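Novice: Sequences listed follow chains A and B, in order.
With full-length UniProt numbering, letter number 110 in the first sequence gets 110, and the count goes up by one each step, no holes.
With full-length UniProt numbering, letter number 129 in the second sequence gets 129, and the count goes up by one each step, no holes.
Note that CB positions come from ideal geometry on N, CA and C, so glycine has one too.
Note that the structure is a prediction, hence the values are computed from the model and not measured.
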Amino acid sequence: MNIYVLLKKTFDTEEKIAVSGGKIEDDGAEFIINPYDEYAVEEAINQRDAHGGEVTVVTIGDEDSEKQLRTALAMGADKAVLINTEDDLEDGDQFTTAKILEAYFEDKEADLILAGNVAIDEASGQVGPRLAEYLGIPYVTTITDLKIDGENATIEKDVEGDVEIIETSLPLLVTCQQGLNEPRYPSLPGIMKAKKKPLEELEIDDLDLEEEDVEPKTKTIEIFLPPEKEAGKVLEGEVSDQVKELVSLLKNEKKVL
Amino acid sequence: MNMNFSEEQKMMRKMVRDFAQKEITKEIERMETEDRFPKELIQKMGELGLMGIPIPEEYGGSGMDYPSYIIAIHELSKVSATVGVILSVHTSVGTNPILYFGTEEQKKHYLPKLASGEYLGAFAVTEPGAGSDVASMKTMAKKDGDNYILNGSKVFITNGAAADTYITFARTGEGNKGLSAFIVEKDSPGLVVGKKEKKMGLHGSSTVQLSFDQCVVPKEQLLGSEGDGFKIAMANLNVGRIGIAAQALGIGEAALEHAVGYAKEREQFGKPIANNQGISFKIADMATEVEAAKLLVYQAASLVERGVPCSKEASMAKMYASKTAMRAAIEAVQIYGGYGYTEDYPAERFFRDAKVTEIYEGTNEIQHIVIAKNLLKD
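Listed below in structure tokens is the structure:
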């Protein structure tokens, strides 16, 4: 089975986010594999171990993205592809990413493509479904279980805490939700092997794309941090008065009623 | 001194940090309150290749270098000094002697089991009357046909009740040249695991007495030749000391990080206590000492890796890092104030765990002697 994982690097969840000049400061920041993509890598490895084949991890990024790819290789993926857009693209959005991936997958015979449900940075959850549309293959988002039998797939999908069971067929794209599996730590032998595994680097030129083919369809107007959390308010007095006060606060101050 | 960690080392450090945060943190309470040996953690560490970091791949190890091994002990000890010492003793003195002095047969039999964590290693040299003075050892090994018969007792054996193999030292003759080393398996007839020590710190690590009562050890279990014991004991001294230095570094750094976090959060007189110069200067001193200890520890590790003689540097690293851990832990308790004296906060654990790093793997007094001798010889 030809299994592909779409991987994105994101800020380490421990990092403090700073905004300056309308952009998120990423100087010196630590990056990690987007946690939802880790579920995708783990699932890909498990499916390969069960059904045979090969796992290729694909990312669009810059030179530094190699670190996250190597980590996925250390976990057990077989090959990695870095589509480096550092020199070619100023900006990009979900359209850009999906278009580049469409071009990459044009001559591939993918049986299964796995992605994270969302990336924890912008949380749009769009790239997976967009790519599946472009490729004309079925997709299921927020999966929590995947069973493959020949060409058929039975999937459990998280629907706001409930479970939907879906039967579909390969080739297929899924996006992975928490609960699907428990991603492994890269073992030391895995880390040592990772540096010898193939990592192919491509530019959009290699995919016969021009900058204008993938120009973003959206424009970011402003980026700002959420307001600092304020201390909670404790109501006092008789319970009946407190209820009245609470309702009035929700109505007049917070305007949620 | 430039700590140019390779990408592999950085990846490994991240893995060890994640593993320690997620897997070890939740075990600390059981280790502390029940003094329970964390055998499930050791098994997981074995699966990740952490129990055989510097052991070559052909013997089932991870085939990484000494600085990588030191990174692992340092990072694990930041979360649990107990796990740090288990790994350090297992590798530095429980496994390395077989790698360096074992026959091909011994290596093929034991190293894959030790490196995978299936076996836990220990090291039995200290006796009631022979601590720093190794040469006054009294345990005897007498050749009897195809076996050696061991008689005597050992104390303060780390990993003791949990170990599968003990690198055991016993006398086959007089003086330093009369010491021999054996790989003793836990089920050897006549080997009795005795009293478990109740320690001030390192709760969860197993420290026991061992008795050898007509203990039968097949002659194939002799490590090196008869009389090689002193050489074998001394050969891994540097790696052992740097391992404990890394453990101390982890404790010191953890004390610093927790103290910084608490000082910024804890408010008195309407402002964080970190705003008081008295507190902030303590933190500045702690951080400076931790940084200096880090440089000494990783410098010594890189000397070992390059095969440069480094008994002085290993002793300096061990002595300084352990003093730093103790001082940082004392200050951390002080910064936490009354809460620092309670078990609800980790400062008192760092305080209890730090002390032993000034004592074992060569007391700091011994380290002074080693350093001074190096400087004053000729």
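Under a CB-based cut-off of 8 Å, is leucine 41 (chain B) close to chain A?
Specialist: Here residue 41 (chain B) refers to the residue found at position 41 when the second sequence is read from its first residue. It does not; no Cβ of chain A falls within 8 Å.
Novice: Taking buried to mean at least 16 other C-beta atoms within 10 Å of its own C-beta, is alanine 233 (chain B) buried or exposed?
Specialist: Stepping through the second sequence from its first residue, residue 233 (chain B) is reached at position 233. Result: buried.
Novice: Kindly list the residues whose CB is nearer than 7 Å to the CB of valine 260 (chain B), restricted to its own chain and excluding five residues on each side of it in sequence; keep chain order.
Specialist: Start at 1 with the first residue of the second sequence, and residue 260 (chain B) comes out as number 260. Hits under 7 Å: Ile283.
Novice: Kindly list the residues whose CB is nearer than 6 Å to the CB of aspartate 158 (chain A), restricted to its own chain and excluding five residues on each side of it in sequence; keep chain order.
Specialist: Stepping through the first sequence from its first residue, residue 158 (chain A) is reached at position 158. Thr142, Thr144 and Gln177, listed in sequence order.
Novice: For tyrosine 100 (chain B) versus alanine 235 (chain B), is the C-beta spacing smaller than 8 Å?
Specialist: Here residue 100 (chain B) refers to the residue found at position 100 of the second sequence. Here residue 235 (chain B) refers to the residue found at position 235 of the second sequence. It is a contact, given that the beta carbons lie within the stated cut-off.
Novice: Name, please, each residue of chain A whose Cβ falls closer than 7 Å to the Cβ of phenylalanine 19 (chain B).
Specialist: Here residue 19 (chain B) corresponds to residue number 19 of the second sequence, with the count starting at 1. Tyr185, listed in chain order.
Novice: Check the Cβ of leucine 50 (chain B) against every Cβ in chain A and list those closer than 7 Å, keeping chain order.
Specialist: Position 50 of the second sequence, counted from the first residue, corresponds to residue 50 (chain B). The answer, in chain order, is Leu188.
Novice: List the residues of chain A that residue 420 (chain B) touches, going by C-beta distances under 8 Å, in chain order.
Specialist: This structure cannot settle anything about residue 420 (chain B), because the visible part of chain B is limited to 1 through 378.
Novice: Starting from threonine 59 (chain A), trace the alpha helix (DSSP H) in both directions and tell me its first and last residue.
Specialist: For the purposes of this step, residue 59 (chain A) is taken as the residue at position 59 of the first sequence. Note, threonine 59 (chain A): premise wrong, no alpha helix (DSSP H); beta strand (DSSP E) at 54 to 61.
Novice: Assuming glutamate 43 (chain A) and leucine 114 (chain A) make a contact with CB atoms under 8 Å, what is their CB distance in whole Å?
Specialist: On the first sequence, position 43 is the one that residue 43 (chain A) refers to. On the first sequence, position 114 is the one that residue 114 (chain A) refers to. That pair is a contact at about 6 Å.
Novice: Please list the terminal residues of the continuous alpha helix (DSSP H) segment that includes serine 322 (chain B).
Specialist: Along the second sequence, one-based indexing puts residue 322 (chain B) at 322. Unbroken alpha helix (DSSP H) run through serine 322 (chain B): 311 to 336.
Novice: What residues of chain A sit near isoleucine 71 (chain B), judged by a beta carbon separation below 9 Å?
Specialist: Translated into the one-based positions of the second sequence, residue 71 (chain B) becomes position 71. In chain order: nothing, as chain A lies at least about 11 Å away.
Novice: Just list the residues that DSSP pairs asparagine 176 (chain B) with in beta bridges.
Specialist: The sequence position of residue 176 (chain B) within the second sequence is 176, counting from 1. Beta-bridge pairing links asparagine 176 (chain B) to no other residue.
Novice: In angstroms with no decimal places, state the Cα-to-Cα distance between valine 256 (chain A) and tyrosine 339 (chain B).
Specialist: Residue mapping note: residue 256 (chain A) aligns to position 256 of the first sequence, counting from 1. Residue mapping note: residue 339 (chain B) aligns to position 339 of the second sequence, counting from 1. Taking the straight line joining both Cα atoms gives about 42 Å.
Novice: Expressed to the nearest angstrom, what Euclidean distance is found between the alpha-carbon atoms of arginine 130 (chain A) and lysine 44 (chain B)?
Specialist: The count along the first sequence starts at 1 and reaches residue 130 (chain A) at position 130. The count along the second sequence starts at 1 and reaches residue 44 (chain B) at position 44. If you take the alpha carbons of arginine 130 (chain A) and lysine 44 (chain B), they lie about 39 Å apart.
Novice: Determine the DSSP secondary structure at tyrosine 69 (chain B), reduced to helix, strand or coil.
Specialist: Here residue 69 (chain B) refers to the residue found at position 69 of the second sequence. Of the three classes helix, strand and coil, the one that applies to tyrosine 69 (chain B) here is helix, per DSSP.
Novice: Can you tell me where the beta strand (DSSP E) with glutamate 201 (chain A) in it begins and where it stops?
Specialist: Translated into positions along the first sequence, residue 201 (chain A) becomes position 201. Here the beta strand (DSSP E) through glutamate 201 (chain A) covers 199 to 202.
Novice: Does isoleucine 53 (chain B) get closer than 8 Å to chain A when you measure Cβ to Cβ?
Specialist: Here the question's residue 53 (chain B) lines up with position 53 in the second sequence. Closer than 8 Å: yes.
Novice: Taking Cβ positions only, does glycine 84 (chain B) come closer than 8 Å to chain A?
Specialist: The residue given as residue 84 (chain B) occupies position 84 in the second sequence. It does not: the Cβ of glycine 84 (chain B) has no partner Cβ on chain A nearer than 8 Å.
Novice: Could you spell out the range, first to last residue, of the beta strand (DSSP E) harbouring glutamine 43 (chain B)?
Specialist: As a working mapping, residue 43 (chain B) is identified with position 43 in the second sequence. Where glutamine 43 (chain B) is concerned, there is no enclosing beta strand (DSSP E), although the alpha helix (DSSP H) it sits in stretches over 39 to 47.
Novice: What are the residues in the stretch 286 to 306 of chain B lying within 8 Å of chain A by C-beta distance?
Specialist: Answer in chain order: no residues at all.
Novice: Please identify, using Cβ separations under 8 Å, the residues of the stretch 66 to 87 of chain A that lie next to chain E, in order along the chain.
Specialist: The chain labelled as chain E is not found among the protein chains of the depicted structure, namely A and B.
Novice: Taking methionine 192 (chain A) as the query, report the chain B residues whose CB atoms sit under 8 Å from its CB, ordered along the chain.
Specialist: Position 192 of the first sequence, counted from the first residue, corresponds to residue 192 (chain A). Correct list: Glu8, Glu57, Ser62, Gly63 and Met64.
Novice: Looking only at its own chain, which residues have a Cβ that is under 7 Å from the Cβ of glycine 53 (chain A), when we skip the five neighbours before and after it?
Specialist: In the first sequence, residue 53 (chain A) corresponds to position 53, counting from 1. Within the same chain, glycine 53 (chain A) has close Cβ partners Met1, Asn2 and Ile3.
Novice: Leaving out five residues before and five after proline 112 (chain B) in sequence, what residues of the same chain have Cβ atoms less than 7 Å from its Cβ?
Specialist: Residue numbering aside, residue 112 (chain B) sits at position 112 when the second sequence is read from its first letter. Excluding positions up to five away in sequence, the list reads Tyr59 and Gly60.
Novice: Could you confirm whether any beta carbon from chain A is found closer than 8 Å to the beta carbon of methionine 31 (chain B)?
Specialist: Here residue 31 (chain B) refers to the residue found at position 31 of the second sequence. For methionine 31 (chain B), the answer is no, since every Cβ of chain A falls outside 8 Å of its Cβ.
Novice: Under a three-way DSSP split, which group does glutamate 151 (chain A) fall into?
Specialist: In the first sequence, counting from the first residue as 1, residue 151 (chain A) sits at position 151. In this structure, glutamate 151 (chain A) counts as coil in the three-state DSSP scheme.
Novice: If you draw a straight line from the C-alpha of alanine 163 (chain B) to the C-alpha of valine 16 (chain B), how long is it?
Specialist: For the purposes of this step, residue 163 (chain B) is identified with residue 163 of the second sequence, where counting begins at 1. For the purposes of this step, residue 16 (chain B) is identified with residue 16 of the second sequence, where counting begins at 1. Their Cα atoms are separated by approximately 23 Å.
Novice: Given that a residue counts as buried once 16 or more other Cβ atoms are within 10 Å of its Cβ, and exposed if not, what is valine 19 (chain A)?
Specialist: Residue mapping note: residue 19 (chain A) aligns to position 19 of the first sequence, counting from 1. The residue in question, valine 19 (chain A), is exposed, as its Cβ has fewer than 16 Cβ neighbours within 10 Å.
Novice: One question on the structure: do aspartate 88 (chain A) and glutamate 211 (chain A) come within less than 8 Å of each other, judged by their Cβ atoms?
Specialist: The residue you call residue 88 (chain A) lines up with position 88 of the first sequence. The residue you call residue 211 (chain A) lines up with position 211 of the first sequence. Yes, Cβ-Cβ distance for aspartate 88 (chain A) and glutamate 211 (chain A) is below 8 Å.
Novice: By the 10 Å Cβ neighbour count, where 16 or more other Cβ atoms means buried, how is glutamate 66 (chain A) classified, buried or exposed?
Specialist: Against the first sequence, residue 66 (chain A) aligns to sequence position 66. Buried: at least 16 other Cβ atoms inside 10 Å.
Novice: In chain order, what residues of the same chain have a beta carbon less than 7 Å from the beta carbon of glycine 240 (chain B), not counting five sequence neighbours either side?
Specialist: As a working mapping, residue 240 (chain B) is identified with position 240 in the second sequence. For glycine 240 (chain B), where only same-chain residues beyond five positions count, the Cβ hits under 7 Å are Ser92, Val93 and Glu361.
Novice: For glutamate 185 (chain B), name the three-state secondary structure that DSSP assigns.
Specialist: Locating residue 185 (chain B) in the second sequence gives position 185, where the first residue counts as 1. In this structure, glutamate 185 (chain B) counts as strand in the three-state DSSP scheme.
Novice: At the 8 Å Cβ level, is methionine 3 (chain B) part of the contact set with chain A, yes or no?
Specialist: In the second sequence, counting from the first residue as 1, residue 3 (chain B) sits at position 3. False, the Cβ-Cβ gap to chain A never drops below 8 Å.
Novice: Nearest to arginine 184 (chain A) by CA position, among B:Tyr66, B:Phe269 and B:Glu47, is which residue?
Specialist: Position 184 of the first sequence, counted from the first residue, corresponds to residue 184 (chain A). Closest by alpha carbon: B:Glu47.
Novice: Whose CA, out of A:Asp111, A:Gly190, A:Ala123 and A:Ile191, lies closest to the CA of valine 174 (chain A)?
Specialist: For the purposes of this step, residue 174 (chain A) is taken as residue 174 along the first sequence, with counting starting at 1. Checked all of A:Asp111, A:Gly190, A:Ala123 and A:Ile191; the closest Cα to valine 174 (chain A) is A:Asp111.
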